[in-house]
Amino acid sequence: MAEVRRFEHGSRVPGWDASVDLRKDPAGVPDPATTPVPAELRAEIEAQMAKYPDFRSAALPALAAVQRHHGWCSPEGIEQAACVMRLTPGYLTAVATFYDMFDTVPTGRNRVYVCTNISCSLRGADELCHRIEQLTADDADIQVKHFECLGACDIAPMVSVNGIYVGPVELDEVDELIDDVRNDRDPLPRKQLRLRPSADTLPMGDGQ
Ligand code: FES
């Protein structure tokens, strides 16, 4: 069985314990006059803000928009979102660093999240993750992360590829899966949760 890698703080997930830099002065709300924001990003964030009675509730979709636009939640992108939302960059950084799906350091274009929580782990997720990490170790374009339950335990062991849920993934399907990711193909379409019928049609026996 593959050894599960753990970080210094004991978790399989890196980064949540990164501390703030207390030597820096707190940043204020960015000045619109000196903070250019791409029109498309601004429009997306403003549309999200309009959906909520408290505009700060749009922090998550605003950060998602920043990540889509910049590829990660870069300081520049967070500052742009803070400028539109009239918040401090620190407010949005605190939100971004809390959630594993936001990247506050530059990362690969493809995000492969492997669930290693209990249901998936019991069905071989640790070996699956190990195999995926082996195959992608030299590929800067693919980011692989362990995840706690991604909420699709019925297809354990499962993987999220750029938000597409795939499972159950067998060990001998990993090569094909990573090949799909590398070549911008739909990942393992036969195993995608979104393509499954909501109920199997079982053949009816005599007398039923
Ligand atoms: S334990 Fe893996 S999706 Fe729930």
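If you read the sequence shown in our numbering, its first letter stands for residue 204, the second for the next number, and so on. We treat Cβ as the ideally placed atom computed from N, Cα and C, and that holds for glycine.
Considering only the beta carbon of each residue, do residue i and residue j sit closer than 8 Å?
i    : j    : result
N365 : R314 : yes
D389 : D382 : no
A262 : L225 : no
A299 : L266 : yes
L391 : E379 : yes
K348 : Y316 : yes
P278 : A285 : no
V287 : G280 : no
L396 : G327 : no
Does the beta-carbon of residue i have 16 or more other beta-carbons within 10 angstroms, so that it is buried, or is it exposed?
i    : result
Q283 : buried
E243 : exposed
Q337 : exposed
L290 : buried
A340 : exposed
Quick check on DSSP: helix, strand or coil for residue i?
i    : result
V308 : coil
V384 : helix
R393 : helix
P400 : coil
R289 : coil
S322 : helix
R314 : strand
V369 : strand
S260 : helix
V377 : helix
V232 : coil
At which residues does the alpha helix (DSSP H) containing residue i begin and terminate?
i    : result
I155 : The chain is shown only over 204 to 411; residue 155 falls outside these bounds and no answer can be derived.
R334 : 328 to 339
Going by DSSP, what residue range makes up the beta strand (DSSP E) through residue i?
i    : result
T345 : Per the sequence shown, residue 345 should be read as Ile rather than Thr. Where I345 is concerned, the enclosing beta strand (DSSP E) stretches over 345 to 350.
Does the stretch 222 to 239 come close enough to the stretch 252 to 259 to have 3 or more Cβ pairs within less than 8 Å?
Counting Cβ pairs under 8 Å, fewer than three are found: no touch.
Inspect the CB distances between the stretch 320 to 332 and the stretch 353 to 363 and report whether three or more fall short of 8 Å.
Contact holds: three or more Cβ-Cβ distances are below 8 Å.
Do the stretch 271 to 280 and the stretch 297 to 311 make contact, defined as three or more Cβ pairs closer than 8 Å?
By the Cβ rule, the stretch 271 to 280 counts as touching the stretch 297 to 311, because three or more pairs are nearer than 8 Å.
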